[in-house]
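Chains as they are written, first to last, in the numbering used here: chain A, -4 to 295; chain B, 2 to 248; chain C, 214 to 537. Glycine included, each C-beta is placed from N, C-alpha and C at the ideal position. Down below is the structure, laid out as structure tokens.
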């Protein structure tokens, strides 16, 4: 373990701040995606192993819109919405068939969709890496210097956007009628149906929301890096880790866990460059062993 | 044979079992009755070790089994059939009973013989006969009728050769005729094996006909105990049931 | 042939011998390396899938992280054969390496099993996966020992033993099938023994065994260890085949392969996973020869099995033709 490298970094304000900012960026983007995953699980009881593929679609869709319109904001929004729509179809056609099936069926169905989509995007867009969306013009400015740390303003924008979306999500879930219905559907769908509420619409809406979030994450990721088939796989694993650590179904838990993982990745890259991913899995193992329901989860 | 001594249990602030004392004589057949929610199944769970006892003790033939593990209590002679059938859907009647018998003999660690041809087939047939399941011996459990599933549940408990047999609503979900058939089978069983039986039942006719001693549970506490004629005329019991009885 | 109807160990052993001789003769009658290759691979992956099916099909435990043991067996064998100990053991190196692979995999399975068995359902599944990825990360991190993301580099010797030279394709073919058949026959004995029915009992109803005086957890752990050991054995055979070991074998995608085979072949019949391995390999060969979009085809096949057939091929065939 590169203990001294880590120590050096923590002592130096420039390194500390830039690593923290980097960690926040990873965390917020991860939260965006993971919140969709945990939401879908909490309400629908489905572990969407295709969530990473939806993220990938978000990247591809937004790239496509960008190549047509050249407008950054439009690309991101339309890309995310496109995935939301795709999620709706996905839910109605496939997911609705496996609602009460066991875990094995869920994973096989979702994973088969991942395999199909991974190849489909290659057929449609080619197997080369697609270049990133690039920075929107507003952000093509010199980086900020905070205590000598170099912080691209765009990263701050991403952190802010994700945070705003997170707050929005919390607001919807906690304060609106829709949110109350969703939470009720998570606890007792049969009762809700008996009261005359069409839970199918709620389920579809929730899945759409979850897909939208994944797509948004993918669209934003497309602005930071290249777009390629299979790019959803690593974020899928990380989203799972976050969901498990935070507590399956808990959005606040996902937030907390995303922060932990984001920081662990950022500082872990310095302290244990060869074992950065391993650190994440170690945390996951520890949480599952010591507190299986996650940090904010409820003991069933 | 089975002594429950001032046993209490609460969940959160709610008292589920309140200072219950029951003493079952060997070779007796007893009934536990009470309105829904009185805590009858909870009492069974406390005896068999599925949940922990807060206060009080349970003895089987002078062995203190209070708060032992479920597996230990079973090995000390307490067997139980469940209210909601609790069997092995993909296994046949023969396979299920055989498994229960082998479990008793610690024979399930055996990796060297073939289960199907393994020795205790005669014993398995006997248990099946005792429970009246010979006709469906090779039927897969999930395909059994409701009544036969309940009998299988009892048969699994019988395989343990228990000293005390706890039956949780053995006639639940059955029509009147089936109910009498079931209870006659239980009575038959009792006469053949002479074990100590405690059963939970809602049908008063059945209870008064079969049971030697009746315990009445209400809101977690015993409000009356005695033989059928004593209970029939007990004011507290009549009030508790408010005319309840035949379903 | 009434003798064949008797379901016992002797019959199984005889069938195994017969199959082995058949495949040996087959090798000489049809000298196509491609087909021999498939047969070998089917047995190795079939072993892997059958070991997982102990947990999934017979115990009802969905283990996501099974490839951890496959990879451990492979690396153990590879590292041993690369080490200086080979000169000490000479001709016995390969048998020792394989035994070591099984021992190390069992040890790992014991460790992981003890921790994971306590958890239920999805938490169990996720913890096994977490452990597997942890092992994957460790393999990548210990670059000096394992070669990191390149895998074990430099190959290793395969010294002949007992007149068998694994460098010779025929010897390798015969040996692999031999080991696989022995393992399959022993596994069958295990599954059809009282122990095996104990597994089915737990699968059908995990609460009831306690009220029969039976301790679930020990039983599950033993099954988990056996499953891990067989997976390790399969891994060691794979390492011998590829003369190397690769970190991909510890990646989560590798755990999905036996899952697919179990789906394709069936989880409720003993040889289902083996048939699944056959379908999988044939599909793999056929599709990759004709198109680069293997994922698309595999995904569609799996989707149709999950939604359409809803059971594996062997399960379906047995139900169709064997219903009493």
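Residues of chain C with CB closer than 7 Å to the CB of residue i, please, in chain order.
i, result
"residue 279 of chain A", "343"
"residue 239 of chain A", "339"
"residue 81 of chain B", "424"
"residue 49 of chain B", "424"
May I ask which residues mark the beginning and end of the alpha helix (DSSP H) holding residue i?
i, result
"residue 260 of chain A", "246 to 266"
"residue 124 of chain B", "122 to 131"
"residue 14 of chain A", "8 to 39"
"residue 151 of chain B", "147 to 159"
"residue 296 of chain A", "Since the first and last residues shown for chain A are -4 and 295, residue 296 of chain A lies out of range."
"residue 70 of chain A", "67 to 88"
"residue 285 of chain C", "280 to 295"
"residue 91 of chain A", "It is not in any alpha helix (DSSP H) - residue 91 of chain A carries neither H nor E in the DSSP assignment."
Rounded to whole angstroms, what's the CA-CA distance from residue i to residue j? Just pull it up for me.
i, j, result
"residue 37 of chain B", "residue 174 of chain A", "36 Å"
"residue 248 of chain B", "residue 7 of chain B", "Since pLDDT at residue 248 of chain B reaches only 41, below the 50 mark, its modelled position is unreliable, and no value is offered."
"residue 1 of chain B", "residue 5 of chain B", "Absent from the structure is residue 1 of chain B, since the part of chain B shown begins at 2 and ends at 248."
"residue 246 of chain B", "residue 47 of chain B", "Low per-residue confidence applies at residue 246 of chain B: pLDDT is 47, beneath 50, and the placement is therefore not dependable, though the value from the model is reported in the following sentence. Using only the alpha carbons, I get a separation of about 26 Å."
"residue 227 of chain B", "residue 67 of chain B", "25 Å"
"residue 385 of chain C", "residue 446 of chain C", "15 Å"
"residue 537 of chain C", "residue 401 of chain C", "In this prediction, residue 537 of chain C has a pLDDT of 42, which is less than 50 and means its spatial position is unreliable; what the coordinates show is noted afterwards. Rounded to whole angstroms, residue 537 of chain C to residue 401 of chain C spans 22 Å at the Cα level."
"residue 225 of chain A", "residue 257 of chain A", "21 Å"
"residue 293 of chain C", "residue 462 of chain C", "18 Å"
"residue 114 of chain A", "residue 337 of chain C", "31 Å"
"residue 534 of chain C", "residue 391 of chain C", "30 Å"
"residue 276 of chain A", "residue 238 of chain A", "13 Å"
"residue 198 of chain B", "residue 444 of chain C", "49 Å"
"residue 368 of chain C", "residue 458 of chain C", "9 Å"
"residue 111 of chain B", "residue 491 of chain C", "32 Å"
"residue 232 of chain A", "residue 232 of chain C", "42 Å"
"residue 341 of chain C", "residue 260 of chain A", "22 Å"
"residue 140 of chain A", "residue 250 of chain A", "27 Å"
"residue 248 of chain A", "residue 322 of chain C", "31 Å"
"residue 238 of chain C", "residue 380 of chain C", "20 Å"
"residue 216 of chain A", "residue 96 of chain B", "57 Å"
"residue 471 of chain C", "residue 103 of chain A", "12 Å"
Interface residues of chain B around residue i at Cβ under 8 Å?
i, result
"residue 221 of chain C", "115 and 118"
"residue 308 of chain C", "Going along chain B, no residue has its Cβ under 8 Å from residue 308 of chain C, so there is no contact; the nearest lies around 24 Å."
"residue 400 of chain C", "What residue 400 of chain C touches in chain B: nothing, since even the nearest Cβ is about 11 Å away."
So with CB distances below 7 Å, who are the chain A contacts of residue i?
i, result
"residue 476 of chain C", "103"
"residue 350 of chain C", "270, 272, 273 and 276"
Just to confirm the assignment, what range does the beta strand (DSSP E) spanning residue i have?
i, result
"residue 57 of chain B", "56 to 61"
"residue 11 of chain B", "3 to 12"
"residue 201 of chain A", "Premise fails: residue 201 of chain A lies in the alpha helix (DSSP H), 194 to 219, not in any beta strand (DSSP E)."
Who are the neighbours of residue i on chain B, taking C-beta pairs under 9 Å?
i, result
"residue 409 of chain C", "112 and 116"
"residue 432 of chain C", "109 and 110"
Could you list which residues in chain B have their beta carbon closer than 7 Å to that of residue i, in chain order?
i, result
"residue 417 of chain C", "89, 90, 91 and 92"
"residue 428 of chain C", "72"
Under 9 Å Cβ-Cβ, which residues of chain A neighbour residue i?
i, result
"residue 356 of chain C", "269"
Along chain C, which residues have their Cβ under 9 Å away from the Cβ of residue i?
i, result
"residue 87 of chain A", "Residues of chain C passing the Cβ test: none, with the nearest at roughly 14 Å."
For residue i, verify whether its CB is less than 7 Å away from any heavy atom of the ligand SAM.
i, result
"residue 183 of chain A", "This structure lacks the ligand SAM, and indeed carries no ligand of any kind."
Given that residue i touches chain C, what residues does it touch there, using C-beta distances under 8 Å?
i, result
"residue 118 of chain A", "506 and 509"
"residue 92 of chain A", "520"
Residues of chain A with CB under 8 Å from residue i, in chain order?
i, result
"residue 366 of chain C", "The premise fails here: residue 366 of chain C is roughly 17 Å from chain A at the closest Cβ pair, so nothing lies under 8 Å."
- Item | Any 3 or more C-beta pairs closer than 8 Å across the stretch 140 to 154 of chain A and the stretch 19 to 36 of chain A | yes
- Task: Pick out the complete alpha helix (DSSP H) segments inside the stretch 192 to 242 of chain B, 4 residues or longer, and give them in chain order.
- Result: 205 to 211, 229 to 233 and 236 to 242
- At what residue ranges does the stretch 30 to 100 of chain B contain a whole run of the alpha helix (DSSP H), taking only runs of 4 or more? 41 to 49 and 71 to 76
- What are the complete alpha helix (DSSP H) segments, minimum 4 residues, inside the stretch 386 to 470 of chain C? 407 to 417 and 429 to 455
- Task: Taking 8 Å as the threshold, find out whether the stretch 167 to 181 of chain B comes into contact with the stretch 8 to 15 of chain B through three or more Cβ pairs.
- Result: no
- Task: Take every Cβ of the stretch 467 to 482 of chain C, pair it with every Cβ of the stretch 244 to 253 of chain C, and state whether three or more of those distances are shorter than 8 Å.
- Result: no
- Message: Using 8 Å as the cut-off, can you tell me whether the stretch 520 to 527 of chain C makes contact with the stretch 117 to 130 of chain A, which would need three or more C-beta pairs spanning the two stretches below that distance?
- Response: no
- Message: With three or more beta-carbon pairs closer than 8 Å as the criterion, would you say the stretch 222 to 240 of chain B touches the stretch 48 to 57 of chain B?
- Response: no
- Query: So, do the stretch 33 to 49 of chain A and the stretch 268 to 288 of chain A have three or more beta carbon pairs nearer to each other than 8 Å?
  - Reply: no
- Query: Between the stretch 491 to 520 of chain C and chain E, which residues of the former have CB atoms less than 7 Å from a CB of the latter, in chain order?
  - Reply: Absence of chain E from the displayed structure is noted, the protein chains being A, B and C.
- Query: Can you list, in chain order, the stretches of the alpha helix (DSSP H) that have 4 or more residues and sit fully within the stretch 120 to 144 of chain A?
  - Reply: none
- Message: Within 8 Å, do at least three Cβ pairs link the stretch 312 to 330 of chain C to the stretch 272 to 282 of chain C?
- Response: yes
- Query: Is there contact here, the stretch 78 to 92 of chain B with the stretch 131 to 138 of chain B, by at least three beta-carbon pairs under 8 Å?
  - Reply: no
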